[in-house]
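Chemist: There's a structure below that I have some questions on.
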Amino acid sequence: MALLRPEIAHLDDPSYQLFARGRESQQWSARQLIGTGHTTLDEDTVEQAWHVASTSYYAEQAGLVAAAELVSETEDCALRLSFATAVADEARHADAFLAYAVARGGDLAEVHEDGYLDELHETLSTVSHLEKFLLHTTLEGMAADEFVLLQRIFAGDPIAEIYRHVRGDEVRHVAIGLDYLRRSYANPREREEWDCHLEEWTQRALRVAKLSEVSQGLGALLGRPAEPIERWFVRRHRARLRGAGIQFWEGR
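And the structure:
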């Protein structure tokens, strides 16, 4: 891993200011949010919150590892500094969901049965640098969207406040990722790789995100059909890529 020299003339650029936002972001404590654990939810919904938080613990840990790898792989100084703040954020998120799971159930729930978390971690750890950035940004964006719904589902319980705080960080991570993807896609040296692989990468990102399964689970909790929820996720994902100037696959 090479040490990077900063571009002094670019310290006021938006890319570097994304790091400044992370550096100055407000800190929060999951344990204070949990407090006594008072909830207005019924017992079944609290148990569902415990399971969802347990899954979130592992997902945030996978995001932490991916962000750390991206920090070491990049040759972009502003991006390295920005993603270093994301690594710290992901560690705080994982700890927050662990604290909630322990407060509710004494331990993490068993959530590895379907192999999703193992597949997520393996994929993030083995794909190329550019695909990893696209995949990480896609998953962070969809998580931020999902947390909007989870706040509504678990309103009246501390987990809703935890998701609200975590989402604020995730939105910033998405902004960092989209800024880099925009600059990478506009770079003629990297554009050829994008054009060769974007359709393949996009399909894999949507598959790894398990949108259908996630939408079904959210639909069951909300008492709504899954299909409109899945379409909502995809629309928001496409809008984010369009905002970064990326011409993506239209096959879904």
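If you're matching positions, the sequence shown starts at 32 in this note's numbering and goes up one per residue. Cβ atoms here follow ideal geometry from the backbone N, Cα and C, with glycine treated the same way. Note that the coordinates shown come from a computational prediction; the quantities given were computed from them, not determined experimentally.
#1: Classify residue 92: buried if its beta carbon has 16 or more other beta carbons within 10 angstroms, exposed otherwise.
#2: By the DSSP assignment, the alpha helix (DSSP H) with residue 245 in it spans what residues?
#3: So, helix, strand or coil for residue 257, using DSSP?
#4: For residue 156 and residue 221, I'd like the C-alpha separation in whole angstroms.
#5: Thinking C-beta only, is residue 190 closer than 8 Å to residue 147?
#6: I'd like the span of the alpha helix (DSSP H) that includes residue 219, first residue to last.
#7: Leaving out the 5 sequence neighbours to the left and right, which residues in its chain are closer than 6 Å to residue 94 when beta-carbon positions are compared?
#8: Taking all protein chains shown into account, decide if residue 67 is buried (16 or more other Cβ within 10 angstroms of its Cβ) or exposed.
#9: Does DSSP put residue 173 in a helix, in a strand, or in coil?
#10: Who are the near neighbours of residue 89 in its chain, counting only those whose CB is closer than 6 Å to its CB and skipping five residues on each side?
#11: Would residue 69 pass as a contact of residue 104 if the rule is Cβ separation under 8 Å?
#12: Can you list, in chain order, the residues of its chain with a C-beta nearer than 7 Å to that of residue 52? Leave out the 5 residues immediately preceding and following it.
#13: Apply the 10 Å Cβ neighbour rule to residue 215 and answer buried if 16 or more other Cβ atoms are within range, or exposed otherwise.
#14: Using C-beta distances below 7 Å, list every residue in its chain close to residue 158, excluding the 5 sequence neighbours before and after it, in chain order.
#15: So which of 198, 181, 218, 272 has the shortest CA-CA distance to residue 249?
#16: Could you tell me the boundaries of the alpha helix (DSSP H) in which residue 60 lies?
#17: Compute the Euclidean distance between the alpha carbons of residue 239 and residue 229, then round it to the nearest angstrom.
#18: Do you know offhand how far residue 99's Cα is from residue 175's?
#19: What is the residue span of the alpha helix (DSSP H) that residue 53 lies within?
#20: What number of angstroms, rounded off, separates the C-alpha of residue 243 from the C-alpha of residue 198?
#21: Put residue 323 into one of helix, strand or coil per three-state DSSP.
#22: Assuming residue 56 contacts residue 109 under a Cβ cut-off of 8 Å, what Cβ separation, rounded to an integer in Å, is found between them?
#23: Any idea what DSSP makes of residue 38, helix, strand or coil?
Modeler: Well, looking at it:
#1: buried
#2: 242-253
#3: helix
#4: 21 Å
#5: no
#6: 219-239
#7: 121
#8: exposed
#9: helix
#10: 148
#11: no
#12: 203
#13: buried
#14: 166
#15: 181
#16: Neither: residue 60 is in no alpha helix (DSSP H) and is coded neither H nor E.
#17: 15 Å
#18: 20 Å
#19: 45-54
#20: 21 Å
#21: Nothing can be reported for residue 323, as the shown portion of the chain is limited to 32 through 283.
#22: Not a contact, Cβ separation roughly 16 Å.
#23: coil
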